[in-house]
Amino acid sequence: MKKWLKENIFVKDMFVYILVAAIIFYIPLWLFVYYAIITENDYLYGLGFAYVAFWAGPFTPTIPIILAIAVFLKQVIKFIQGKRREEE
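Numbering of the sequence shown is given in the UniProt record's numbering, commencing with residue 1 and proceeding in unit increments.
As structure tokens, then:
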């Protein structure tokens with residue numbers, strides 16, 4: 001387990017993966033706010049901020065989900081890079 005953590009989590013580039021995963025996780029917020037600005041509908045602002053308020057609440061697995069998305073992205077990129085090296 002320690003070896004896996006050192007290779008996958010405790011590396012410098014993981015910060016970028018976590019940042020991208022957080023952006024992906026909060027896509028519904030960005031969509032609701034974007035459509036609220038376009039349509040000038042205040043209800044959509046409320047939906048977007050309710051999404052954030054729900055996931056910011058206690059007993060919600062926000063951080064583990066973001067970490068899982070980050071690890072998944074890292075594994076996918078590692079897989080794609082491995083395929084490219086095999087082709088060359």
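Using N, Cα and C, we set each Cβ at its ideal position, and we do this for glycine too.
Spatially closest choice to residue i from the options, by CA coordinates
i	options	result
F25	F72, Y43 and I77	F72
Backbone CA spacing between residue i and residue j [nearest angstrom]
i	j	result
Y51	I38	19 Å
L29	A53	11 Å
V16	A70	9 Å
E79	E86	Going by the sequence as given, residue 79 is Phe instead of Glu. Distance between the alpha carbons of F79 and E86: 11 Å.
Collapsed DSSP secondary structure at residue i in the structure displayed
i	result
K62	For the sequence presented, residue 62 should be read as Thr rather than Lys. Helix, per DSSP.
F10	coil
E40	coil
G48	helix
Y26	coil
G82	helix
Cβ pair count under 8 Å reaching 3, the region 4 to 17 against the region 57 to 65: The count of Cβ pairs closer than 8 Å, one atom from the region 4 to 17 and one from the region 57 to 65, stays below three, leaving the stretches out of contact.
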